[in-house]
Amino acid sequence: MQSIANAAQQAMTEGVFQIETLPDIILEVPPKKEFGDFATNFAMQSAKTAKMNPRKIAEAIIERMSEPWLEKTEIAGPGFINFYLKANIIYDQLAGIIAAGRDYGNLPKKNAAKIQVEYVSANPTGPLHVGHGRGAAAGSALVNLLRAAGYEVSSEYYINDAGNQIDNLAASVNARYLELFDQTVEFPENGYHGQDIIDTAKRIIKKDGELYLKMAETERLTIFKELALKEKLAALKEDLAAFNVNFDVWFSERSLHPDDVKTACQVLQENGNIYEKDGALWLKSTAYGDDKDRVVIRDNGIPTYLAADIAYHRNKFERGFDTLINIWGADHHGYICRVKAAIEAMGYKPDHLEVLLLQMVSLYRDGELVKMSKRTGQSVTLAELIEEVGTDAARFFFIMRSLDSQLDFDLDLAKSKSSENPVYYIQYAHARIRSIFRQAQEAGIAKANQPKLSLLTDESELALIKKMAAYGEEIEYAAQERAPHRIARYVHELASEFHSFYNRCRIMGVDQDLAQARLALVGAVANVICHALAMLGVSAPEKM
RNA sequence: GCGUCUGUAGCUCAGCUGGAUAGAGCAACGGCCUUCUAAGCCGUGGGUCCCGCGUUCGAAUCGCGGCAGUCGCACCA
12 MQSIANAAQQ
22 AMTEGVFQIE
32 TLPDIILEVP
42 PKKEFGDFAT
52 NFAMQSAKTA
62 KMNPRKIAEA
72 IIERMSEPWL
82 EKTEIAGPGF
92 INFYLKANII
102 YDQLAGIIAA
112 GRDYGNLPKK
122 NAAKIQVEYV
132 SANPTGPLHV
142 GHGRGAAAGS
152 ALVNLLRAAG
162 YEVSSEYYIN
172 DAGNQIDNLA
182 ASVNARYLEL
192 FDQTVEFPEN
202 GYHGQDIIDT
212 AKRIIKKDGE
222 LYLKMAETER
232 LTIFKELALK
242 EKLAALKEDL
252 AAFNVNFDVW
262 FSERSLHPDD
272 VKTACQVLQE
282 NGNIYEKDGA
292 LWLKSTAYGD
302 DKDRVVIRDN
312 GIPTYLAADI
322 AYHRNKFERG
332 FDTLINIWGA
342 DHHGYICRVK
352 AAIEAMGYKP
362 DHLEVLLLQM
372 VSLYRDGELV
382 KMSKRTGQSV
392 TLAELIEEVG
402 TDAARFFFIM
412 RSLDSQLDFD
422 LDLAKSKSSE
432 NPVYYIQYAH
442 ARIRSIFRQA
452 QEAGIAKANQ
462 PKLSLLTDES
472 ELALIKKMAA
482 YGEEIEYAAQ
492 ERAPHRIARY
502 VHELASEFHS
512 FYNRCRIMGV
522 DQDLAQARLA
532 LVGAVANVIC
542 HALAMLGVSA
552 PEKM
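Under this note's numbering, the first residue of the first sequence is numbered 12, with each subsequent residue one higher.
Dropping the structure here:
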C-alpha cells in the first residue's frame, strides 16, 4: 500500500499529475483470478481531482513501482491496477498459517474499547422458544467473533426477575396449583398458559403437597414467585448450556431496585430531564429525538420497565464498558430511541450503545409454516428444536443468515443428512481431513518438519492457500460489521475449496515430498475449519 | 399516519465500507466411485438486482420519491 502511495507521490513531484490529497488506498482481492492476487482502484479514485484519464494515472504509478515480491502488474478495465505476487509469497503465507496452528484466526489484542454484549435476556417466565434460539446463537457467535478479532468482551444476560410479568408467573402457578386441588379459579388475565406452568405446580405438589393450600393468598404468591423463578431460571440456563451458550454475567434486574433506579432518576432529575405530570414522573425523551416523553415512575409510585432499563444501562457504563451491544428482537425496535435518549440525557454517548435487531424466525416443516402463538403457549421451544435437528444444525441455520433478514428455518433441510445440508457439508470436509491423517499415519507417512510447500502447484491447492490467507481480513470485517453470518459463509466456501481439492489431488500414493506438503496443507485447512466452527459454536467431528 | 427491517435466479439467501462479465446452496438437466469418506466432485441452463428520479467517470450498493411484505408505535415487559 505504502509503495503505491510512494509511487503516486513520486509521479506528482515529477509533475505527471497533481492530486491535492491522496485518497485512501484500498486493496482488494479481485472477484476473478485473472485479475491478479490483489488490485486497487486508486487510479480511478484519483481521476477526478487529477483531471486525467485513470489508465494514464495507473500507468504512471506502476512505472514507478518496483517491489521484490511483485511478479507483475497490469492495468485493466477502466483503470484497475492488478498486482500479481511472486509465487513464493504464497508459500510463505502458508508456512505462517501452519506455524500459527490452532491460533490462526486469533487476531492481535486490540487496545480499543471494552465491549459488553447483552443478549437473549428472555423473561424467566417460561421456556425459550425458537426466536430466543436465534438470539442465543447469533449473540454467542458474535461474542466469539469479537474475541477472535482481539476485543475484550463480556457477555451478559439480563434477568427480568422483577415487575409485573413475574407477578403474573406467580399468579399463573398459583392458579394451576389450586386447579390441581379441584378448586375453581379464574385464570389470571395476563397469565402464562404453557404446559410448563402446570408442570411447575405439579412439582410443587409432589414436593410439598397441600402445604400452601391453607395459606393466605399473598403469602402463597410470594413463595410461588420464588419457587417458580428459581425453576425457570435453572431451566433457562440448562437450555442455553445445551445450545453452547454461556454467559460471563447473569445480571438480576432486582439488584437495581431500589437504589440504582433511584440514583439514575436522581441524575436525570438534577439535570432537568425528568418532570412531573399527572402524578407520574416523565423522562423528557423528546428532547433527544424520541416521539413522546416516557413515564419512568408511575402515578402509583412503581417504576416502569424503562426506569429499570435506564438504571441498567447506566450501571453498564459505570462498570467501565465503552461499547454496549444489545441484541433485541425486531419487535422491540421502537424501544431503541427512548433508551438512547435516556443514555444521552444522563450524559453518556448514545452512539456507545449499539442495538442489533434480530428479525423474526418462521419454522417450516414439509413446506408448511409452523404456526406459533405466544398467548396460548403453543410455540416450538428451543429444547424441542434441539431435540429435532440437533445443536449443530440449529446453530448454523440461525447464524447463516444476516441478522437483518427474516429467517425461514427449514426443519427438514436442517435434519437431512445429505449434501443439501450446509452443516454436514462443512463438517464432512473436516472429517475427511481427519480421516486422511489417520490413514497417513497407518501408511507410515511421517510428518515433515519442513514440508516442501512449493510443490503445491495445483490450482485447487493455490485456491485453498489464498482462501486461508484471507481468513484474518474476514474476521476483522465480520467483527467490525457485527456480522457472524459472514463466518458461516466463509467456512462453507473454504469447505467447498477443500472438497474440490480432494477430488483433484491425492495424498496417499504420491511422491513422499508432495504427500507431506499436502498433509501440511490439509492440516492447516482442518485448523481453520475448526476455528471457524468453534466461533459458530458448531462441533467439528473427527469422523462421520 | 409515523417508524424498523426486507425486496437480487423457480425457492432460500449472500454481495451493499460505489468498481471489472451480479454470486452460493437447493431445485432442473448431463457426466464422475476397482485407489485417502459419493454426506463428495465436474459441467449446463437460469436475472427488469421491486419501480422511478438523482449524485457519479462508474449504482444491486449512496440520496430522494413511490410500490409490496414484515414487525412495532403502553403509566406491558
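Beta carbons are placed, not taken as given, at the ideal position from N, Cα and C, and that holds for glycine.
Taking the straight line between their C-alpha atoms, what separation do you get for L374 and K382?
Numbered from its first residue, the first sequence carries residue 374 at position 363. Numbered from its first residue, the first sequence carries residue 382 at position 371. Those two C-alpha atoms are separated by around 8 Å.
Residue range of the beta strand (DSSP E) that includes K288
As a first step, residue 288 must be located in the first sequence, where it is residue number 277. Here the beta strand (DSSP E) through K288 covers 285 to 288.
So, with DSSP's three-state summary, where would you put H503?
Translated into positions along the first sequence, residue 503 becomes position 492. Helix at H503.
Determine whether the beta carbon atoms of H143 and L393 lie at a separation below 8 Å.
Position 132 of the first sequence, counted from the first residue, corresponds to residue 143. Position 382 of the first sequence, counted from the first residue, corresponds to residue 393. Yes, the pair counts as a contact, with Cβ atoms nearer than the cut-off.
Do the CB positions of A551 and C541 come within less than 8 Å of each other?
Taking the first residue of the first sequence as 1, we reach residue 551 at position 540. Taking the first residue of the first sequence as 1, we reach residue 541 at position 530. Yes, these two residues count as a Cβ contact at 8 Å.
By how many angstroms is the C-alpha of H140 removed from the C-alpha of A181?
Your numbering for residue 181 matches position 170 in the first sequence. Your numbering for residue 140 matches position 129 in the first sequence. For A181 and H140, the gap between their C-alpha atoms comes out near 20 Å.
Alpha carbon of G174 to alpha carbon of Y316, nearest angstrom:
Here residue 174 refers to the residue found at position 163 of the first sequence. Here residue 316 refers to the residue found at position 305 of the first sequence. G174 and Y316 have their C-alpha atoms roughly 8 Å apart.
Alpha helix (DSSP H) runs contained entirely in the segment 224 to 270, provided each spans 4 or more residues:
228 to 253
In terms of residue numbering, what span does the beta strand (DSSP E) encompassing T627 cover?
Residue coverage of the chain in this structure runs from 12 to 555, which leaves residue 627 outside it and unanswerable.
Have a look at the DSSP bridge pairing and note the partners of P314.
Position 303 of the first sequence, counted from the first residue, corresponds to residue 314. P314 pairs with I308.
Residues near Y169 by beta carbon distance below 7 Å, same chain, minus five either side:
Within the first sequence, the letter at position 158 stands for residue 169. Scanning its chain for C-beta atoms nearer than 7 Å, with the 5 sequence neighbours on each side dropped, one finds around Y169 the residues E129, S132, F262, E264, Y323, in chain order.
Quick check: L368 and L418, are their CB atoms within less than 8 Å of each other?
Position 357 of the first sequence, counted from the first residue, corresponds to residue 368. Position 407 of the first sequence, counted from the first residue, corresponds to residue 418. For the pair L368 and L418, the CB atoms are not nearer than the 8 Å cut-off.
Reduced DSSP category for G146 - H, G, I as helix; E, B as strand; rest coil:
Position 135 of the first sequence, counted from the first residue, corresponds to residue 146. Note: G146 maps to helix in three-state DSSP.
Where does T334 fall in DSSP's three states?
Numbered from 1 along the first sequence, position 323 holds the residue referred to as residue 334. Strand, per DSSP.
Once the 5 residues before and after L105 are set aside, which same chain residues still bring their CB inside 6 Å of it?
The count along the first sequence starts at 1 and reaches residue 105 at position 94. Closer than 6 Å at the Cβ level, and outside the excluded window around L105, lie L464, I476.
In terms of residue numbering, what span does the beta strand (DSSP E) encompassing D421 cover?
Within the first sequence, the letter at position 410 stands for residue 421. 418 to 421 is the extent of the beta strand (DSSP E) around D421.
When you compare the CB positions of R231 and I209, do they come within less than 8 Å of one another, or not?
Here residue 231 refers to the residue found at position 220 when the first sequence is read from its first residue. Here residue 209 refers to the residue found at position 198 when the first sequence is read from its first residue. No, these two residues do not count as a Cβ contact at 8 Å.
Taking only three categories from DSSP, how would you classify V128?
For the purposes of this step, residue 128 is taken as residue 117 along the first sequence, with counting starting at 1. In this structure, V128 counts as strand in the three-state DSSP scheme.
Residue interval of the beta strand (DSSP E) (run including I170):
The residue labelled residue 170 in the question sits at position 159 within the first sequence. 163 to 170 is the span of the beta strand (DSSP E), which, as asked, contains I170.
T211 to C348, Cα distance in whole Å?
As a first step, residue 211 is located in the first sequence; it is residue number 200 there, counting from the start. As a first step, residue 348 is located in the first sequence; it is residue number 337 there, counting from the start. Going from the Cα of T211 to the Cα of C348 covers about 38 Å.
First through last residue of the beta strand (DSSP E) which encompasses T51:
By 1-based counting over the first sequence, the position of residue 51 is 40. First-last of the beta strand (DSSP E) with T51: 49 to 51.
Leaving aside the five residues before and after Y439 along the sequence, list all residues of the same chain whose C-beta is less than 7 Å from its C-beta, in chain order.
Looking up residue 439 in the first sequence gives position 428. Short of 7 Å from the beta carbon of Y439, and not among the five residues preceding or following it, lie these beta carbons of its own chain, in chain order: M555.
Using alpha carbons as the reference points, say which of Y346, L422, V350 lies closest to E379.
For the purposes of this step, residue 379 is identified with residue 368 of the first sequence, where counting begins at 1. Ranking Y346, L422, V350 by CA distance to the CA of E379 puts L422 first.
Below 8 Å on the Cβ atoms is my guess for A152 versus G548; work out the distance and round it to an integer in Å.
Reading the first sequence from its first residue, position 141 is the one you call residue 152. Reading the first sequence from its first residue, position 537 is the one you call residue 548. Correct: roughly 6 Å between the Cβ atoms.
Looking at C-alpha atoms only, which residue of G455, Y513, A124, H496 is the closest neighbour of L364?
Here the question's residue 364 lines up with position 353 in the first sequence. For the residues G455, Y513, A124, H496, the minimum Cα distance to L364 belongs to A124.
Within 10 angstroms of its Cβ, does F258 collect 16 or more other Cβ (buried), or is it exposed?
Position 247 of the first sequence holds residue 258. Burial call: buried.
From which residue to which residue does the beta strand (DSSP E) around E485 run?
The sequence position of residue 485 within the first sequence is 474, counting from 1. Run containing E485: none in the beta strand (DSSP E); it sits in the alpha helix (DSSP H), 482 to 491.
Less than 8 Å between the C-beta atoms of A149 and I437, yes or no?
Here residue 149 is taken as the residue at index 138 of the first sequence, counted from 1. Here residue 437 is taken as the residue at index 426 of the first sequence, counted from 1. No, they are not a contact pair.
When we look at the beta-carbon of V260 and count the other beta-carbons within 10 Å, is it buried (16 or more) or exposed?
On the first sequence, position 249 is the one that residue 260 refers to. Exposed is the call here.
Exposed or buried, which one is T51 when buried takes at least 16 other CB atoms within 10 Å?
Position 40 of the first sequence, counting from 1, holds the residue named residue 51. Looking at its Cβ environment, which holds 16 or more other Cβ atoms inside 10 Å, T51 is buried.
If the criterion is Cβ atoms closer than 8 Å, does the pair F49 and V40 meet it?
Residue 49 sits at position 38 when you count from the first residue of the first sequence. Residue 40 sits at position 29 when you count from the first residue of the first sequence. Yes, they are a contact pair.
Run the CB neighbour count on Q461, radius 10 Å, all protein chains shown included, and call it buried at 16 or more, exposed below.
On the first sequence, position 450 is the one that residue 461 refers to. Flag for Q461 reads exposed.
Short Cβ contact (8 Å threshold) for E167 with Q206
If you number the first sequence from 1, residue 167 lands on position 156. If you number the first sequence from 1, residue 206 lands on position 195. Against a cut-off of 8 Å, the Cβ pair of Q206 and E167 comes out as no contact.
Just checking my contact of I108 with M479 at CB under 8 Å: how many whole Å lie between their CB atoms?
For this step, residue 108 is matched to residue 97 along the first sequence. For this step, residue 479 is matched to residue 468 along the first sequence. Yes, they are in contact, since the Cβ atoms of I108 and M479 sit about 5 Å apart, within 8 Å.
D310 burial status per 10 Å Cβ neighbour count (16 or more: buried)
Position 299 of the first sequence, counted from the first residue, corresponds to residue 310. That one is exposed.
When you compare the CB positions of I68 and S77, do they come within less than 8 Å of one another, or not?
As a position in the first sequence, residue 68 is number 57, starting the count at 1. As a position in the first sequence, residue 77 is number 66, starting the count at 1. Going by C-beta atoms, I68 is not nearer than 8 Å to S77.
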